[in-house]
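Each number in my numbering comes from the position in the sequence shown (counting from 1) with 31 added on.
Using N, Cα and C, we set each Cβ at its ideal position, and we do this for glycine too.
Remember, predicted model here, so these are calculated numbers, not experimental data.
Note sheet for the following structure.
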Amino acid sequence: MKKDNLKSIIVLSSICLVVAILMAAVNFITDPVIKENDDKKVQDSLKAVMPEAESFTEITLPAEAPKTVKSVYRDNNNTGYAVAVSTESSYSSNPMTFTVAVGADGKIIDVLLTGYSETKDFGKDTYPKTYIGADGDTIGTIDLKSGVTYSSTAFRDAMADVFTTLEMIGGEK
32 MKKDNLKSII VLSSICLVVA ILMAAVNFIT DPVIKENDDK KVQDSLKAVM PEAESFTEIT
92 LPAEAPKTVK SVYRDNNNTG YAVAVSTESS YSSNPMTFTV AVGADGKIID VLLTGYSETK
152 DFGKDTYPKT YIGADGDTIG TIDLKSGVTY SSTAFRDAMA DVFTTLEMIG GEK
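Given below as structure tokens:
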């Protein structure tokens, strides 16, 4: 009886070890591909909001930057900044993500919603565009979307965080 138990333990442990080694090998092979695809998605969203930009430099965020701002990129021609943002509302099942371009004049050039999974649509193709032309002083005056006030409030608050972060890095005029 003890011999059978020992044999079972050895067999199960061996199977677990082999599976763990195989999973590590798959991760080793796929990790660079996943990172490359993620980088491509970021670059595509940057080019979508700032199509005239040739290249971008990522700026290190200050430690006290709002948590909604995930990364800031400066256009190497100094025409503005592209900011990747992720926010959640009280009823979010997944974060809402978007990229916003802010020109050198401190006004929003474009907004691209890159992730929104809520069942109730707040006008994902239209509402973010209402922010175009706004700046840090006028962002709070943009109307919330009726029926989805939690999502539109989270969106507006995250937009304000963009300007807060740009002020911290010296990028807003």
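Where GLU83 sits in the DSSP three-state scheme: coil
N- and C-terminal bounds of the alpha helix (DSSP H) containing ASP192: Annotation for ASP192: the continuous alpha helix (DSSP H) segment containing it runs 180 to 200.
Helix, strand or coil at GLU95 according to DSSP, with G and I counted as helix: coil
Proximity test, ASP35 beta-carbon vs the ligand COA heavy atom, cut-off 6 Å: With respect to the ligand COA, the structure shown offers nothing to examine, as it has no ligands at all.
Sheet register partners of ALA115 (DSSP bridge): SER102, THR130
Whole-angstrom distance between GLY178 and ALA206, CA atom to CA atom: There is no way to answer for residue 206, as the model of the chain reaches only from 32 to 204.
Option nearest MET190 by Cα separation, candidates GLY146, THR118, ASP136, THR157: THR118
GLY146 to VAL80 span [Cα, whole Å]: 15 Å
Any 3 or more C-beta pairs closer than 8 Å across the region 71 to 86 and the region 95 to 115: A contact is defined here as three or more CB-CB pairs under 8 Å, and the region 71 to 86 meets this definition with respect to the region 95 to 115.
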